[in-house]
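When we follow this note's numbering, the leftmost residue of the sequence shown carries the number 5, and every step to the right adds one.
From the three backbone atoms N, C-alpha and C, an ideal C-beta is built for every residue, glycine too.
Please read these numbers as outputs of a predicted model, since none were measured by experiment.
Comments concern the structure below.
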Amino acid sequence: MSLGRVVHQLKRVRVCQRAATAVEYGLIVSLIVIAMMTALGTVADKTTSMWGNVTNAVIAH
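Okay, structure coming up:
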């Protein structure tokens, strides 16, 4: 195997590692987004319920 061929193979491995790293970061970001959407959905439900309670209290007075 020539030195040029070895260098070429090492460059290909580096590119593959970069692609794998990009995919891993993409998966991490997608999991964070899913967690945020779930949390915001829960907060939205609780906020809606709270304002409903405020409305009922104002109407009762």
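Take the alpha-carbon of residue 57 and the one of residue 39: they are about 27 Å apart. In the three-state DSSP reduction, residue 6 falls in the coil class, being neither helix nor strand. Per DSSP, reduced to three states, the secondary structure at residue 12 is helical.
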